[in-house]
Amino acid sequence: MGARLHSMGSISSRESDPVHRAPGESSMTENRPSKPQSGRQNLDPHLERYAARTAGMTASEIRALFAVASRPEVVSLAGGMPNLAALPLDTLSAQVAEIIAEDGLVALQYGSAHGVPVLREQICEIMALEGIKAHPDDVVVTVGSQMGLDMVTRLFCDPGDVVIAEGPSYVGALGSFAAYQAQVVHVAMDENGLVPELLREALVQTEKAGRRVKFLYTIPNFHNPAGVTLAVERRAEILEICREHGVLVVEDNPYGMLGFDGQTYPALRSTDPENVVYLGSFSKTFASGLRVGWVLAPHAVREKLVLAAESATLCPPTFNQMIVSRYLATHDWKGQIKKFRENYRERRDAMLSALDQYLPAGCSWTKPDGGFYVWVTVPEGVDTKAMLPRAVTARVAYASGTGFYADGFGSRQMRLSYCYPTPERIREGVRRLAAVLESEMDLARTFGNVATRQIQGPQNPSPDTV
Ligand SMILES: Cc1ncc(COP(=O)(O)O)c(C=O)c1O
1418 MGARLHSMGS ISSRESDPVH RAPGESSMTE NRPSKPQSGR QNLDPHLERY AARTAGMTAS
1478 EIRALFAVAS RPEVVSLAGG MPNLAALPLD TLSAQVAEII AEDGLVALQY GSAHGVPVLR
1538 EQICEIMALE GIKAHPDDVV VTVGSQMGLD MVTRLFCDPG DVVIAEGPSY VGALGSFAAY
1598 QAQVVHVAMD ENGLVPELLR EALVQTEKAG RRVKFLYTIP NFHNPAGVTL AVERRAEILE
1658 ICREHGVLVV EDNPYGMLGF DGQTYPALRS TDPENVVYLG SFSKTFASGL RVGWVLAPHA
1718 VREKLVLAAE SATLCPPTFN QMIVSRYLAT HDWKGQIKKF RENYRERRDA MLSALDQYLP
1778 AGCSWTKPDG GFYVWVTVPE GVDTKAMLPR AVTARVAYAS GTGFYADGFG SRQMRLSYCY
1838 PTPERIREGV RRLAAVLESE MDLARTFGNV ATRQIQGPQN PSPDTV
């Protein structure tokens, strides 16, 4: 891959306003949802009533795409759905029946906001595989790690506070930050993950501008969407920089057990338990639909998290936690993860060899050694968001890069997911994508930058207007 992942998006490349705001986040009062433009009919009679924070809530580009991309004739390299085909459904259905028969009145009852105690102990055993020593009291079970992200942001961010995040970053995290009116400053990665010098520079510049950074949000392993992993040698330095600047680290690690060679990396939390909040999930290693994740936090933070969780959901679903717990206790879950890894590895191989074979010269991409995603950079003059309707017409879908930035960068990037389709579909999808790219590059050579031409195709109307 070579150079930085988003040479166009590094903090140092934004000369005029290095600590810039995300679109629509200029100030609290300016953030109130605006009246529909003249000529457009307002279908929502409540428009004037919404809280200012709703201005940051827009459907992600990826969500908007799902409806079209899920048609069977389209090869979707867009979504990040785990491939659950290898799950032992017969065993699971027997276990679920046993839970109801043996312990139904507990399973179907409210529980504690903190989570089922035995599951919290099992979660500590899982985290020990990444070098984390944790006490079950400091684990809070959540409705997926997405809820953990939301709660951590709720606890720490006032409107206008800054969150530092890799550029690109996970769409769901950007959604939570926007919902709490936090402003994101992206820091570039290279093939070894977040670049420590750029992190330091971003922190210095943000502080100089008089703005408060609340935390660094990072996905160190098998990054979504970039597909890269933070080099082990960089981890201590990143922790030290954050400590120096008094900034908390939020480590999001849903893919950590999905290294294709069975490798795991030492969690950031393992060496700095007092300054790292760790987010974990069973979505990629077991079953995403059960919506069971967790947060491991320093003791004082944990107490606040339990209160926040209580006010959000009262408690995570007891039944689902018991399903996860029984599965961990009675099934060879490590063997199951190995099966998942082999499945994803086969798909990753299909994706990389198809990219090598079909993609036109001038494109580059990351080479993930775990997880679900490849991050592709296309030649100058091609705009991946503008190209998407034409790709869907050619029956292939991807996630355009701009969705992974809070600030409009990423127009020359796209995320390709290999987790779900079969290897044959992946190859076919990349072949179709390559043909679209070729013709786009042809047009760009003939007429100039594609982004400046009028684009015909599906638009995403705001939910408030038609
Ligand atoms: C980096 C990252 N964090 C968090 C999540 C949310 O996971 P969960 O299903 O546990 O809410 C995802 C889901 O794709 C993810 O990729």
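Residue numbers for the sequence shown follow my numbering, so the first one is 1418 and each next one is one higher. Even glycine gets a Cβ: it sits at the ideal position worked out from N, Cα and C. All of these numbers come straight from a predicted model, not from anything done at the bench.
Counting only runs that start and end inside the region 1485-1522, there is no alpha helix (DSSP H) element of at least 4 residues. Contact between His1531 and Val1723 is confirmed by a C-beta separation of about 5 Å, below the 8 Å threshold. Relative to the non-hydrogen atoms of ligand 1, the Cβ of Ile1636 comes within a distance shorter than 6 Å of at least one.
As computed with DSSP, Thr1559 is found in a beta bridge with Gly1710.
In this chain, the beta strand (DSSP E) harbouring Gln1830 covers 1830-1834.
Listed by position in the chain, the residues whose beta carbon lies within less than 6 Å of some heavy atom of ligand 1 are Gly1497, Gly1561, Ser1562, Gln1563, Tyr1587, Gly1589, Ile1636, Asn1641, Asp1669, Pro1671, Ser1698, Ser1700, Ser1705, Gly1710. Per DSSP, Met1606 is one residue of the beta strand (DSSP E) stretching across 1600-1607. Annotation for Glu1855: the continuous alpha helix (DSSP H) segment containing it runs 1840-1864. Contact between Leu1850 and Val1813 holds: CB atoms are separated by about 5 Å, below the 8 Å threshold. Shortest Cα-Cα distance from Val1579 to any of Glu1547, Val1612, Thr1623, Leu1615 involves Thr1623.
Contact between the region 1628-1635 and the region 1498-1514 is absent: fewer than 3 CB-CB pairs across the two stretches fall below 8 Å. Comparing alpha carbon positions, the residue from Ser1828, Arg1842, Val1809 closest to Val1853 is Val1809. In the three-state reduction of the DSSP assignment, Ile1581 falls in the strand class, which pools E and B. By a beta-carbon distance limit of 8 Å, Val1667 does not contact Leu1772. Their separation comes to about 32 Å. Sequence-distant partners of Met1474 (beyond 5 residues in either direction) whose C-beta falls short of 8 Å from its own C-beta, in its chain, are Gly1592, Ala1595, Ala1596. Taking 4 residues as the minimum length, the alpha helix (DSSP H) runs contained wholly in the region 1648-1678 are 1649-1661, in order along the chain. Per the C-alpha coordinates, the member of Pro1690, Glu1855, Phe1677, Ile1843 positioned closest to Gly1496 is Ile1843. A check of alpha carbon separations from Asn1641 across Glu1727, Gly1584, Phe1864 identifies Gly1584 as the nearest.
Close CB contacts of Ser1705 within its chain, under the 6 Å cut and outside five residues either way in sequence, are with Pro1499 (chain order). C-alpha of Val1604 to C-alpha of Glu1797: approximately 22 Å in a straight line.
Note that the C-beta distance between Ile1658 and Arg1617 is below 7 Å. Distance from the CA atom of Thr1688 to the CA atom of Gly1825, rounded to whole angstroms, is 35 Å. Using a Cβ-Cβ distance cut-off of 8 Å, the region 1535-1546 and the region 1507-1527 are not in contact, since fewer than three pairs of beta carbons, one from each stretch, lie closer than that value.
The beta carbon of Ala1599 sits closer than 6 Å to the beta carbons of Cys1574, Asp1578, Val1580 from its chain, once the five residues preceding and following it are set aside; these are given in chain order. Per DSSP, the beta-bridge partners of Thr1794 are Ser1781, Gln1830. When the beta-carbon positions are compared, Asn1737 and Val1709 come within less than 7 Å of each other. Boundaries around Ser1698 are those of the beta strand (DSSP E), 1693-1698, since no alpha helix (DSSP H) includes it.
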